[in-house]
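Engineer: For the sequence shown, the working numbering begins at 66 and goes up steadily by one.
Beta carbons are placed, not taken as given, at the ideal position from N, Cα and C, and that holds for glycine.
Please read through the structure below; I'll follow up with questions.
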Amino acid sequence: MEELLLSHGFHTSAFLYTELELAPWIEFSLPQAWFSSIRQARNTPWVFLAHDLATVAAVSEQEYRFEFFVARVA
Numbered sequence: 066m067e068e069l070l071l072s073h074g075f076h077t078s079a080f081l082y083t084e085l086e087l088a089p090w091i092e093f094s095l096p097q098a099w100f101s102s103i104r105q106a107r108n109t110p111w112v113f114l115a116h117d118l119a120t121v122a123a124v125s126e127q128e129y130r131f132e133f134f135v136a137r138v139a
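The structure is reproduced here in structure tokens:
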């Protein structure tokens, strides 16, 4: 999954949608093997916004696979 996000512009940092009213988006760095950490911390579909705000990606874990959706704003 990390390689797929990397190929769509998620390089050094990004934002993660939290569904919290006080902090709907949190910024985080993208070290190696970062997706497994996100997966352990949050067990719902993940929505990422690239640091340049030009790309949004959603990842959903289904029973035996991941579904990946991406859109570019610019």
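Nearest by alpha-carbon distance to E84: which of A122, D117, F134 and W111 is it?
Structural biologist: By one-based count along the sequence shown, residue 84 stands at place 19. If we check each option's Cα against that of E84, W111 comes out closest.
Engineer: From the DSSP output, which residues share a beta bridge with W90?
Structural biologist: As a working mapping, residue 90 is identified with position 25 in the sequence shown. W90 is bridged to Y82.
Engineer: State the Cα-Cα distance for the pair A88 and Y129, rounded to the nearest angstrom.
Structural biologist: On the sequence shown, position 23 is the one that residue 88 refers to. On the sequence shown, position 64 is the one that residue 129 refers to. Looking at the two C-alpha atoms, the distance is approximately 31 Å.
Engineer: Whose CA, out of N108, A122 and T77, lies closest to the CA of L114?
Structural biologist: To locate residue 114, count along the sequence shown from 1; it is residue 49. The candidate whose alpha carbon is nearest that of L114 is A122.
Engineer: Is DSSP giving L70 helix, strand or coil here?
Structural biologist: Here the question's residue 70 lines up with position 5 in the sequence shown. In the structure shown, L70 sits in a helix (DSSP, three-state: H, G or I).
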